[in-house]
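**Q** Protein chains in written order, with my numbering: chain A, 75 to 410; chain R, 75 to 410; chain D, 75 to 410; chain Y, 75 to 410; chain U, 75 to 410; chain W, 75 to 410. Cβ coordinates follow ideal geometry from the N, Cα and C atoms, glycine included. These numbers come from a predicted model, not from an experiment.
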């Protein structure tokens, strides 16, 4: 099994029950999550040694974050305590034709407000196989763009493979800001999660005009790889949003000049889609550490993402065996 | 924005959770609603000045009704307190092939038992643009048929446009009783919600034998308008009941000798369909007050009705901007 | 109306809420059920006099079982109290593509550990029309196979019709053990629930190679009847598992050399499928006692099974009138 | 064990959670109960054969009542189905200094609206030891006063002992009405629950001017017995209401010219006091049937009443052994 | 009835259930409240015309605040929408010896971050009898100290009586900062809630060395009034904290050179003490507007405060009649 | 900080809500706990390195146990997976005079059924300061008595201090069996939790006939120490059970020939008393590792035990700082 570090912000999510709007709510369900924390949990579920580096306030909410991660066996010795607050957001669940609705209240969090790298990076990266970070972290501030570059360079120097998930959030930064940052970071990256929209909007790759998902994705992956030959694996999901309750999910991957894709998962109904992309990334990184074939990797990762949609909360709750059983046994039967 | 008065009964609904039958229930969810109260709330959400006239008992349940309406900004100065009880009903939620099941316990309510008009009608209708009432009120009793006619005539005299929603309830009166009343009230009406079944069963318009929804509805609307040329707008929804969990909804309208219809909304799953028709009527009245095109009006109203199906309770919980966003952005995506 | 005895184990089920895995659960919903107990409840709902014979521990859980059965009017004078424990199992609800997951903890239960028949059989079978038992009981132990044979022979001698539901559970015994037992018991059976898999795997009837559900089922039913001419009615359900949330259900029956089948029920969404097969068997036995036509019997039984899927818990919660209304009025409309 | 008939109204109670007022409630807990139904359940718990006679509507709520009674083994063959509605009331739980608040909505119920005795009284009273009825039934209407007298006379003639619980409800009738009825019914009564307030306010016995609970109660009991020498046992509880959350309870009894009283139960906190008096009456009747000493009877009955305060709902949930263990082992220890 | 304006911050409170710590919580209950908003609600409950001026974000949480206030009939036309966020705090309920625990996350709220007065003050104060504000508002920032002084002077000029509740929060400012501000604002104040600790710590009145609550409070009130003869009424509560579950509450008042005090309320158990002091202030202001005697005023206000402790949330949920009934009928009886 | 190993069984607890009896329950709350697991969690909360050794089934319930322990930072590398089942018990919460009621269903658990020591004891005890075990483990079986002796001797040899909590369970073994085992194990023990009942009933020390808690406890502690001079610290709690809702708790300790006792904690109301004794033992061991004075140790430990009673579940949820704040700041105030 491998050793992995992920670094990023972790937030407190307040969710309404299906069919209740935020102004009506008399209670909120609570979940803790964030892109990199979710990937950490997936990898810990699969048996890897995982450290999550972040910063949370020194109060009961910070304590909750620590316990949440420990529960899954994620190592929290690099989870710092301090600063002003835990970032939060409110999620009004969507249903059917009605989309979910999000209110962010994350500004000024202990993590976002960091002015310098407060971790002992030497100790953090010691013996680590993969360092994973997402585009949400540099999106937080100009300062974090610089810090993220520093930390990636440090990780690279320490011998880590660099995993980067573009994870573009239009509420946090503009395509121009994101695009500029990508040109700075992608030269250090080994594994990159980026889709066709990222390619077009952030990397300014001309739109594909042909037909066929395979052809289209191959076009974008090739164009991206041409620009960043250092990246050995590209991957992303194709999500068809039938409604807030029903989605179809296909995973695609580009590795060693070949295109791979998974079967299509019909997710009906969706229990909670937050963290689905992180479960996908976690599945890909696991398969790479596990030296699975690319073909198995993309199927495993997409199955993991589909499973995540069937449970509440940001966290993947399935171990390797459970994902594989799901992959091989198909739909909905009870064995008694 | 306009000024509107709606008048009718408001009841307490006891609902079971999905998958629990009434004889098993250990608790009931509570909602307050009634056709005209629901329309009042929709219009208040859209920024109109709305008064709701009714009568409730002078106890905690009557107080609950008042607070429920105030919450949405509906003016309750014409909500009277007195009488014996609040009408109630029990709703066993349906699911899939199994239909919902209703037990009414509404007889003898403070509103239904009124013997005379206890509101100050002069003050009630002062400066009001639209007076809205539904067929449920005259269905309550012979006495209420007379009172409803009186009040509509009074409203008309005060310069209000009269909005009437047929809202036929077979458990309250016979088609003959309803048909007779309709011939008395419709001559005063300006805006009328009536569908093909109402036309056939209550107004005895011969059944349409052709094909095509547009052609069919045009036939009925024309026939009704021929009889009541005073009515400037007819509207209704076409609901296809796939199951208790899935419905399809199309809104249609007849105005200025033209037929208008909305896109089809696939409502899957239905959270709570009670109040869907009232949200539709509220949307139509808003659009008329707002002087929208009929084409926009029918789309707005049907979108409002579809949205109502996605929340618990009788009340539309969406403001004008939210309905319009839903209308223009389509299905199920989160913006992050 | 008839008089029926059913005999078997009744267990305590712990269920998670949809979207929550067992290791996450902070609470479990509780239901009591077992194949023969569920059939007893169905028949009591339909107005028959039903006794359920079993054994439960002399503690609050045994008391809960008694009250559960009494609630539906099942006679518990032959429910024995004693032994060590109530058998239990944990059900992690499935959703969409993800199947449900079961953890059994039933070994050593008061019923399973019985060493001899502790009921007064003479009194138990006095005046009884049908004695119903399922294959789960002999699956419990070698000892229970002998006891089950004894009790069936005794019932037969007392003049009962014998109803047997194969109900094969691969977690309890092997196909060989089951097959051997079937050859011993089937000669005493009058009504038998057995499907195509039972025919192939347990009775070693060669696989059907043709097409067509009707043809296939006829083939298996005929083959089984040839072997056991004493069995006057065979029946089973064809379940198409689209996902853990959506199933299609068709009931089939073989009686007096004719094949009967019900309409197809699209169960979407499934609330709780546990007990669906027992509701089906209960519907068949009711129709037989009621001397319905076979054609009506299979429709009634399948409707009863479909309805069971719309409520939580193992128990059918519908009376005869409600099943018939469901059968004749179709899908999802509220009458108001 | 004995055979007992109780007869009266059973209602649906809607309760708020502690700390939530009725106008705020978003859900209500549901309980079914009524004085005579609660006594029936207590006696069934203690192993007696008990029939409950009443009338409920032929809908899901009536069905719920039947299942509720069956659950405890109460025989419902004399529970009639028909009429308009089930009587209901809303209970806003009190806490600390704040008293509970009740809204009655019981007028016009199937039971209260009965115009004649619809039970087969011969069959009802066949072999019955005790017929129990309370003052709530004659309080319902002038008509019911006549019917109650008729039925008591009939029961007497059939050889039943008559048990009567005054149970005065000031919201239903005046002291004068009640007093007049008492003079008519008490000549038939054998066992009577009546306290010092009943003696003073309804029977116009002059107030006691001395001190001492024992002396005071002896005075009233003697005065009542002088007037109605046919009554062999009088009993009542002395309740000290410290607050809505804390009460002290002492049971007293007068039998064979002797005064008996129980220990004092400190009930802190009260979970639900509704039905406490009925559990007390149930305990007394059980002890009389069981031929316990009066000294044991009053202790058993008061312990049963105290226990009732520790569970939600109107129903006593304890069997004879559990009440006796509670009586002899005292306070709050877990045996592990 | 009077017309009142209150102005201040309103926040979102997240509460855990009793017995659950913040790091364990899987959900939070939601309440909206703030000192001045709570006073506004109390006064609206008592029938006064009340406007609440504040600022909340233009999102679903701001909408929730508006609906919360409207529900009680508080006029929200001066509730501004804009700014970054709604202030929040997390309350871990205390129980028994364990105190409640609070985590504030209120910095940078739409209200706290206001840089200038954005209300139309002329319109706001038009015809207003009392303007009420608390010490929490100036505690928010240096800027708000200046704004609070401005607004109070403006209100004074417009003819309002000024009501000020010291409400000292040690987590927001130092005693020195508070003391300095008090010397600036108190010269404008008419009604002032200030207790013995406020007198000592903020106004630097020498400690009382004698005995007796009445004597002690008289000493402090006299000392304060000597310094600020413009203040016609001083009032405060004496709270004895037995535990987090049990408090005793006595209200005291100083008016026209006389000392008044209420009976002692034993609050056992406490349901939710947040807002108790605001219910007290609301009761005092109501009695002043109502021109009650001071003696009645202090009893009414303390009863209102005690009642508040029996319901969840910050808001007083009782009207004038209910407070008076509570005051006159005492403890814990149900009238049936 | 120290390094500690605890070893024992961990079980799944099903609890009813207050006011609901087991036969009524429709759901159970879930908690995982056991004496030694609870001590492990307390010590991990206080910052020690703690390993918990046990055995659980290789299914979702075993996984839940692992995650539960990991959540608090307890090291689970010596938690074995295998065997048949997780031991369970049902707890019907007591309230007021009514005691809690327990149904055990723990026989045949993976831990109880162990036939030999399956841990690598060398690795387990490497560098460990304290090995803690309780009397529940040897109570499981004759086999476990032998295994427990072996493991304690092994631990002793490895240089651990031995901590033993008598924790007598009358439902598992007789006083004779326990007494005999104690004479075998106590010669190896360094820290021992044993109270006056243990001394009398298990060690057959003659009853104390004098008065005074201090004198009585000193008598028993001295007598026990005389017999086992190897034990350096004895400790136990004096619990006064006012009712199931209110207890008083005093901790006492005997060390270096001196008697120490804590203040008395009035626990009112009790939220959940399960695990209170384990929190006490955890507090004592922490203080010993921390080299606190005995006087501080007994106060810290008793405060920790009192705090445990204020939260649901078996686990202490407080860290060292929180226990100390509770100890020094006393009762029930919110700091705002």
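Within 8 Å, do at least three Cβ pairs link the region 338-350 of chain U to the region 289-299 of chain U?
**A** No contact exists between the region 289-299 of chain U and the region 338-350 of chain U.
**Q** For chain U, find out if any of its Cβ atoms is closer than 8 Å to the Cβ of residue 400 of chain W; answer yes or no.
**A** Indexing the sixth chain from 1 puts residue 400 of chain W at position 326. So yes, residue 400 of chain W belongs to the interface.
**Q** Find the residues of chain D that neighbour residue 144 of chain Y, judging by a C-beta separation of less than 7 Å, and give them in chain order.
**A** Counting from 1 along the fourth chain, the entry for residue 144 of chain Y is found at position 70. Under the 7 Å cutoff, chain D gives 144, 145, 147.
**Q** Please compile the residues from chain W whose C-beta is within a distance smaller than 9 Å of the C-beta of residue 90 of chain Y.
**A** Here residue 90 of chain Y refers to the residue found at position 16 of the fourth chain. In chain order: nothing, as chain W lies at least about 14 Å away.
**Q** Chain W partners of residue 235 of chain A, CB-CB under 7 Å?
**A** On the first chain, position 161 is the one that residue 235 of chain A refers to. Within 7 Å Cβ-Cβ: nothing; residue 235 of chain A doesn't reach chain W, min ~27 Å.
**Q** Output, in sequence order along the chain, the residues in the region 370-391 of chain A whose CB is closer than 7 Å to any CB in chain D.
**A** Within the region 370-391 of chain A, the qualifying residues are 380, 381, 384, 385, 386, 391.
**Q** How far does the beta strand (DSSP E) with residue 335 of chain A in it reach, from first residue to last?
**A** Locating residue 335 of chain A in the first chain gives position 261, counting from the first residue. Run containing residue 335 of chain A: 332-335, per the beta strand (DSSP E) assignment.
**Q** Rounding to the nearest angstrom, what Cα-Cα distance links residue 159 of chain U and residue 224 of chain A in this structure?
**A** In the fifth chain, residue 159 of chain U corresponds to position 85, counting from 1. In the first chain, residue 224 of chain A corresponds to position 150, counting from 1. Taking the straight line joining both Cα atoms gives about 32 Å.
**Q** Does the region 80-96 of chain D come close enough to the region 125-138 of chain D that 3 or more CB-CB pairs lie under 8 Å?
**A** The region 125-138 of chain D, when compared against the region 80-96 of chain D, does touch it at the 8 Å Cβ threshold.
**Q** Can you check whether the C-beta of residue 245 of chain A is within less than 8 Å of a C-beta belonging to chain W?
**A** By one-based count along the first chain, residue 245 of chain A stands at place 171. Not one chain W Cβ lies under 8 Å of residue 245 of chain A.
**Q** Where residue 226 of chain R and residue 86 of chain Y are concerned, what is the direct C-alpha to C-alpha distance, given to the nearest angstrom?
**A** On the second chain, residue 226 of chain R is found 152 positions in, with the first residue counted as 1. On the fourth chain, residue 86 of chain Y is found 12 positions in, with the first residue counted as 1. The straight-line gap from Cα to Cα measures roughly 39 Å.
**Q** Leaving aside the five residues before and after residue 185 of chain U along the sequence, list all residues of the same chain whose C-beta is less than 6 Å from its C-beta, in chain order.
**A** The residue you call residue 185 of chain U lines up with position 111 of the fifth chain. Excluding residues within five positions, the ones whose Cβ falls inside 6 Å are 83, 128, 129.
**Q** Contact check, residue 96 of chain D vs residue 135 of chain W under 8 Å by CB: the rounded distance?
**A** Within the third chain, numbered from 1, the residue matching residue 96 of chain D stands at position 22. Within the sixth chain, numbered from 1, the residue matching residue 135 of chain W stands at position 61. Sure, about 7 Å apart at Cβ, within 8 Å.
**Q** Can you tell me where the alpha helix (DSSP H) holding residue 193 of chain R begins and where it ends?
**A** What you label residue 193 of chain R is simply residue 119 of the second chain in a count that begins at 1. Element bounds for residue 193 of chain R: n/a, residue is neither H nor E.
**Q** When the cut-off is 8 Å and only beta carbons count, does residue 141 of chain A lie next to chain W?
**A** On the first chain, residue 141 of chain A is found 67 positions in, with the first residue counted as 1. Judged by the 8 Å Cβ criterion, residue 141 of chain A is in contact with chain W.
**Q** Between residue 147 of chain R and the rest of its own chain, which residues show a CB-CB distance below 6 Å, the 5 nearest in sequence each way excluded?
**A** Along the second chain, one-based indexing puts residue 147 of chain R at 73. Only 118 meet the Cβ criterion.
**Q** Establish whether the CB of residue 250 of chain R and some CB of chain Y are separated by less than 8 Å.
**A** Counting from one through the second chain, the residue named residue 250 of chain R turns up at place 176. It does not: the Cβ of residue 250 of chain R has no partner Cβ on chain Y nearer than 8 Å.
**Q** What first and last residue would you give for the beta strand (DSSP E) that runs through residue 162 of chain R?
**A** As a first step, residue 162 of chain R is located in the second chain; it is residue number 88 there, counting from the start. Start and end: 162-166.
**Q** Buried or exposed for residue 331 of chain U, please, with buried defined as at least 16 other CB atoms from any protein chain shown within 10 angstroms of its CB.
**A** Numbered from 1 along the fifth chain, position 257 holds the residue referred to as residue 331 of chain U. Counting Cβ neighbours within 10 Å, residue 331 of chain U comes out exposed, since fewer than 16 surround it.
**Q** Mind pulling the beta strand (DSSP E) runs of 3 or more residues that sit fully within the region 194-269 of chain R?
**A** You should have 204-208, 235-239, 265-267.
**Q** Determine the contact status of residue 290 of chain R and residue 270 of chain R, defining contact as a CB-CB distance below 8 Å.
**A** For the purposes of this step, residue 290 of chain R is identified with residue 216 of the second chain, where counting begins at 1. For the purposes of this step, residue 270 of chain R is identified with residue 196 of the second chain, where counting begins at 1. Against a cut-off of 8 Å, the Cβ pair of residue 270 of chain R and residue 290 of chain R comes out as a contact.
**Q** Return yes when the Cβ of residue 348 of chain D is within less than 8 Å of the Cβ of residue 375 of chain D, no when it is not.
**A** Residue mapping note: residue 375 of chain D aligns to position 301 of the third chain, counting from 1. Residue mapping note: residue 348 of chain D aligns to position 274 of the third chain, counting from 1. Not in contact: residue 375 of chain D and residue 348 of chain D (Cβ atoms no closer than 8 Å).
**Q** So, is residue 268 of chain D buried or exposed, given that buried needs 16 or more other C-beta atoms within 10 angstroms?
**A** The residue labelled residue 268 of chain D in the question sits at position 194 within the third chain. The residue in question, residue 268 of chain D, is buried, as its Cβ has 16 or more Cβ neighbours within 10 Å.
**Q** Roughly how many whole angstroms lie between the Cα atoms of residue 183 of chain R and residue 356 of chain Y?
**A** Taking the first residue of the second chain as position 1, residue 183 of chain R is located at position 109. Taking the first residue of the fourth chain as position 1, residue 356 of chain Y is located at position 282. Distance between the alpha carbons of residue 183 of chain R and residue 356 of chain Y is about 37 Å.
**Q** Assuming residue 112 of chain R and residue 390 of chain R form a contact by the criterion Cβ under 8 Å, report the distance between their Cβ atoms to the nearest whole angstrom.
**A** Within the second chain, residue 112 of chain R is the residue found at index 38, counting from 1. Within the second chain, residue 390 of chain R is the residue found at index 316, counting from 1. Rounded, the Cβ-Cβ distance is 7 Å, consistent with contact.
**Q** What does a CB cutoff of less than 6 Å around residue 263 of chain A pick up in its chain, not counting 5 residues either side in sequence?
**A** For the purposes of this step, residue 263 of chain A is taken as residue 189 along the first chain, with counting starting at 1. Excluding sequence neighbours, residue 263 of chain A sits near 236, 238, 305.
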